[in-house]
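J.:
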Amino acid sequence: MKTALILDLDNTIYPVTSIGDKLFAPVLELMSEHRQSLSDADYETAKKEILRKPFQKVAEMCHFSEELTEKGLALLRNASYEGPMQPFEDYQSVRELDIIKFLVTTGFTKLQNSKIRQLGIAGDFRKIYIVDPETTEQTKKDIFQFIVKDFGLKKEDLLVIGDDPDSEIQAAVSLGIDCFLFDPEGRYDETAATFRGTSLTQVKELLF
Numbered sequence: 404m405k406t407a408l409i410l411d412l413d414n415t416i417y418p419v420t421s422i423g424d425k426l427f428a429p430v431l432e433l434m435s436e437h438r439q440s441l442s443d444a445d446y447e448t449a450k451k452e453i454l455r456k457p458f459q460k461v462a463e464m465c466h467f468s469e470e471l472t473e474k475g476l477a478l479l480r481n482a483s484y485e486g487p488m489q490p491f492e493d494y495q496s497v498r499e500l501d502i503i504k505f506l507v508t509t510g511f512t513k514l515q516n517s518k519i520r521q522l523g524i525a526g527d528f529r530k531i532y533i534v535d536p537e538t539t540e541q542t543k544k545d546i547f548q549f550i551v552k553d554f555g556l557k558k559e560d561l562l563v564i565g566d567d568p569d570s571e572i573q574a575a576v577s578l579g580i581d582c583f584l585f586d587p588e589g590r591y592d593e594t595a596a597t598f599r600g601t602s603l604t605q606v607k608e609l610l611f
């Protein structure tokens, strides 16, 4: 039986597409200004992946120039989101579970905190961890290990829930922790995740 959940934030609790146009408008404009430094493939990939992965990862995978990367970081470092936000409708089924929950998210501290505030979800979690590549070299894998140790848990007590096979899912698999890949669009044909589903309502049946 699982006694604790670890959840990701972006595209797990809420869809980034719901705020992406407004949130990333300055970054997309910046990318457009530096269009000549990017290949067609990298430019198109970056526009999509910026909604799914941390900016630093996108900059690396899409071969951003140093200037573009630094200007993008400068835009996002002190960014916040103050508009209305709503979680996925089926997040309510997880919210109602009488079980310890932790939130582990990667991103800029100020921005991630503003999303958490606008979603009104801070009270859902025993503890919230923001892995900010600007201020720490820790990874989600490190945080998962801290949670096990600091809260006296066993790996078999935990279920990690997230949308990114290369982030929280990979970290959980590497530690031998069960994980649920939340894949509402059916984007991934193959995954190392213990479980995969299209709805967060499926989580409840995995706890026992």
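The opening position of the sequence shown corresponds to residue 404 in my numbering, with each subsequent residue numbered one higher. Here a beta-carbon is modelled for each residue, glycine too, at the ideal position from N, C-alpha and C.
1. Grab the span of the alpha helix (DSSP H) containing residue 600 for me, first residue to last.
2. Can residue 424 and residue 510 be called in contact, C-beta distance under 9 Å?
3. Helix, strand or coil, according to DSSP, for residue 530 in the structure here?
4. Would you call the CB atoms of residue 583 and residue 601 closer than 9 Å?
5. Just tell me which of 460, 471, 454 has its CA closest to the CA of residue 433.
6. Based on DSSP bridge pairs, tell me the residues matched to residue 475.
7. Could you name each continuous alpha helix (DSSP H) segment of 4 residues or more that falls completely within the region 452 to 496, going from the start of the chain to the end?
8. What first and last residue would you give for the beta strand (DSSP E) that runs through residue 430?
9. Is it true that the region 567 to 576 meets the region 404 to 418, where meeting means three or more beta-carbon pairs spaced less than 8 Å apart?
10. Could you tell me if residue 573 is buried or exposed, where buried requires 16 or more neighbouring beta carbons within 10 angstroms of its beta carbon?
T.: The structure says:
1. On the sequence shown, residue 600 is found 197 positions in, with the first residue counted as 1. From DSSP, residue 600 is part of no alpha helix (DSSP H) but of the beta strand (DSSP E) over 598 to 600.
2. As a working mapping, residue 424 is identified with position 21 in the sequence shown. As a working mapping, residue 510 is identified with position 107 in the sequence shown. It is not a contact, given that the beta carbons lie outside the stated cut-off.
3. Position 127 of the sequence shown, counted from the first residue, corresponds to residue 530. If DSSP states are grouped into helix, strand and coil, residue 530 belongs with the strands.
4. Translated into positions along the sequence shown, residue 583 becomes position 180. Translated into positions along the sequence shown, residue 601 becomes position 198. Going by C-beta atoms, residue 583 is not nearer than 9 Å to residue 601.
5. Stepping through the sequence shown from its first residue, residue 433 is reached at position 30. Ranking the options by Cα distance to residue 433, first place goes to 471.
6. Along the sequence shown, one-based indexing puts residue 475 at 72. DSSP output for residue 475 lists no bridge partner at all.
7. For the region 452 to 496, the continuous alpha helix (DSSP H) assignments of 4+ residues that do not extend past its boundaries occur at 458 to 464, 469 to 480, in sequence order.
8. The residue given as residue 430 occupies position 27 in the sequence shown. Looking at the DSSP string, residue 430 is not in any beta strand (DSSP E); the run it does join, the alpha helix (DSSP H), is 428 to 436.
9. The answer is yes - the region 404 to 418 touches the region 567 to 576, with three or more Cβ pairs under 8 Å.
10. The residue given as residue 573 occupies position 170 in the sequence shown. Buried.
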